[in-house]
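Numbering (the numbering used here), first residue to last: 230 to 342.
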């Protein structure tokens, strides 16, 4: 899709779960600053936690506010990852001052996702 399609926060629906299950949504761009030399990968665009199953991301808790994609070089991939949280009341932490060099796998491991 084109960045113009996500100039506003996208509506992400969680289907197939139940209201007792909670999910965490992560949106990243692994191609920053450009796909041929993505030395800043990944760039974090959005994190929403505590999304109840069968609802959408607006029902969750935004821990990293949505940042509209603004690719400057080449075609970028925007990746949405959905993790099922292991327990209710799970506190997720993101303490980096920068959205660049985000590591989804490390975030998932550090937060027991």
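All C-beta atoms in this analysis are idealised placements derived from N, C-alpha and C, irrespective of residue type, glycine included.
(message) Would residue 332 and residue 271 be called neighbours here (beta carbons separated by less than 8 Å)?
(response) Your numbering for residue 332 matches position 103 in the chain shown. Your numbering for residue 271 matches position 42 in the chain shown. Cβ atoms of residue 332 and residue 271: closer than 8 Å.
(message) Assuming the contact rule is C-beta atoms closer than 8 Å, residue 237 and residue 258 should be a hit. Round their C-beta distance to whole Å, please.
(response) Position 8 of the chain shown, counting from 1, holds the residue named residue 237. Position 29 of the chain shown, counting from 1, holds the residue named residue 258. With a Cβ gap of about 17 Å, residue 237 and residue 258 do not count as contacting.
(message) Determine whether the beta carbon atoms of residue 308 and residue 276 lie at a separation below 8 Å.
(response) As a position in the chain shown, residue 308 is number 79, starting the count at 1. As a position in the chain shown, residue 276 is number 47, starting the count at 1. Not a contact, by the Cβ cut-off of 8 Å.
(request) Identify the continuous beta strand (DSSP E) that holds residue 316 and give its terminal residues. (result) For the purposes of this step, residue 316 is taken as the residue at position 87 of the chain shown. No beta strand (DSSP E) holds residue 316; DSSP gives it neither H nor E.
(message) Just to confirm my understanding: we take residue 304, look at its own chain, exclude 5 residues before and 5 after, and list those with CB closer than 7 Å. What are they?
(response) Here residue 304 refers to the residue found at position 75 of the chain shown. Correct list, in chain order: 264.
(request) Inspect the beta-carbon positions of residue 252 and residue 293 and report whether they are closer than 8 Å. (result) Residue mapping note: residue 252 aligns to position 23 of the chain shown, counting from 1. Residue mapping note: residue 293 aligns to position 64 of the chain shown, counting from 1. Contact: no.
(request) Name the two residues that bound the continuous beta strand (DSSP E) containing residue 341. (result) Position 112 of the chain shown, counted from the first residue, corresponds to residue 341. Taken as a continuous stretch (DSSP letters only), residue 341 belongs to no beta strand (DSSP E), as it is neither H nor E.
(request) Whole angstroms is fine: what's the gap from residue 245's alpha carbon to residue 239's? (result) Position 16 of the chain shown holds residue 245. Position 10 of the chain shown holds residue 239. The alpha-carbon atoms of residue 245 and residue 239 are separated by roughly 19 Å.
(request) Name the residue from 328, 321, 300 whose alpha carbon lies nearest to the alpha carbon of residue 339. (result) Residue 339 sits at position 110 when you count from the first residue of the chain shown. The candidate whose alpha carbon is nearest that of residue 339 is 321.
(message) Rounded to whole angstroms, what is the Cα-Cα separation between residue 336 and residue 290?
(response) As a working note, residue 336 is residue 107 in the chain shown. As a working note, residue 290 is residue 61 in the chain shown. Using only the alpha carbons, I get a separation of about 17 Å.
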